[in-house]
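Residues in the sequence shown are numbered consecutively from 407, following my numbering. Built from N, CA and C at the ideal position, the CB exists for glycine as well. The structure under discussion appears below in the form of structure tokens.
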Amino acid sequence: MELITILNRCHRFRGFVYQHAYFSADKKSIAVAVRPSKGSAAVCSRCHLPAPGYDQLAERRFEFIPLWGFLVFLLYTMRRVDCRRCGVVAVEEVPRGDGKRTLTKAYMLFLARWARRLCRFLDEWCRQTMRSRIEPMKKIARSLRQHRELILNYFRAQKLISSGVVEGPNNKAKVTMRKSYGFRTYRVLELALYHSLGKLPEPVSTHDFF
Ligand SMILES: [Zn+2]
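Structure follows, in structure tokens:
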């Protein structure tokens, strides 16, 4: 059975067809090309009514529900319509996502459903584990309970927030340690981190090391 057949069976978009599916170059994600079905007019995103086409925008990627651990992206070239009712050239309405979001509605619903399920699963698992006599497992359960809200926030945020802001300084800190091949004392590491992360002024030196 082909992937397109599965997609058509479980998630059809009216007015659009799945063209073909293929692996990305790094084999980590699957791309599915989507195009409007023949004879279906684009719908104005303002008045939600069909309108004559105007031009096409660059191809966009919409993140879809992952499949067997592979990220799935729908590739689609958005059309613009010349809507006489609204008197403007507007981007077409697509059932996949809303506004500037790159996540499909289906994926957002999927994440929301998982957040609820995970919530129940997490509570139940922690309850059962705390009843057991396996101390290391109980330790994990306690830690999960303590960070429960933060863990679930990942699903609640629906990928709207990137962890890049945290990962940046995290990486900078790691690079600082690697550059020096480790530090002997915590105090020196702390000072080095203040310098690299806080851009503290350094004394004038006759030689540049980096
Ligand atoms: Zn319109």
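Near ligand 1: residue i beta-carbon under 8 Å from a heavy atom
{"i": "L603", "result": "no"}
{"i": "R491", "result": "yes"}
{"i": "C450", "result": "yes"}
{"i": "C525", "result": "no"}
{"i": "A447", "result": "no"}
{"i": "V487", "result": "yes"}
{"i": "L517", "result": "no"}
{"i": "C453", "result": "yes"}
{"i": "A457", "result": "yes"}
{"i": "A401", "result": "Summary: the structure shown does not reach residue 401, with the chain confined to residues 407 through 616, and so no result is reported for it."}
Span of the beta strand (DSSP E) around residue i
{"i": "F479", "result": "F476 to C489"}
{"i": "V494", "result": "V494 to V497"}
DSSP-derived helix/strand/coil call for residue i
{"i": "F419", "result": "coil"}
{"i": "G445", "result": "coil"}
{"i": "P609", "result": "coil"}
{"i": "D432", "result": "coil"}
{"i": "I471", "result": "strand"}
{"i": "E465", "result": "strand"}
{"i": "Y424", "result": "strand"}
{"i": "Y587", "result": "coil"}
{"i": "V438", "result": "strand"}
Nonlocal neighbours in the same chain, by C-beta distance under 8 Å from residue i, ignoring five residues either side
{"i": "T535", "result": "M543, K544, I546 and A547"}
{"i": "A512", "result": "H417, F470, I471 and R502"}
{"i": "S538", "result": "K544"}
Integer-rounded CB distance, given that residue j should sit under 8 Å from residue i
{"i": "L463", "j": "T510", "result": "The Cβ separation is near 17 Å, so there is no contact."}
{"i": "A598", "j": "T612", "result": "The pair is not a contact, with the Cβ atoms about 21 Å apart (cut-off 8 Å)."}
{"i": "R562", "j": "A521", "result": "6 Å"}
{"i": "L603", "j": "K578", "result": "6 Å"}
{"i": "S446", "j": "G475", "result": "Not confirmed; about 33 Å, so no contact."}
{"i": "L558", "j": "L524", "result": "7 Å"}
{"i": "A431", "j": "I410", "result": "Not confirmed; about 21 Å, so no contact."}
Cβ-based neighbour list, residue i, same chain, cut-off 7 Å, excluding 5 preceding and 5 following
{"i": "R519", "result": "none"}
{"i": "R554", "result": "L528"}
{"i": "D488", "result": "A457, P458, Y460 and V495"}
{"i": "C492", "result": "C450, R452 and C453"}
{"i": "F429", "result": "I436"}
{"i": "C532", "result": "A547, L550 and R551"}
Contact set for residue i: own chain, Cβ-Cβ below 6 Å, skip 5 residues either direction
{"i": "K434", "result": "none"}
{"i": "R485", "result": "A448, G459, Q462 and E498"}
{"i": "Q425", "result": "A439 and R441"}
First and last residue of the uninterrupted alpha helix (DSSP H) at residue i
{"i": "C450", "result": "Looking at the DSSP string, C450 is not in any alpha helix (DSSP H), and its letter there is neither H nor E."}
{"i": "V594", "result": "Y592 to G604"}
{"i": "P542", "result": "E541 to Q552"}
{"i": "A457", "result": "Note, A457: premise wrong, no alpha helix (DSSP H); not H, not E."}
{"i": "T535", "result": "K511 to R537"}
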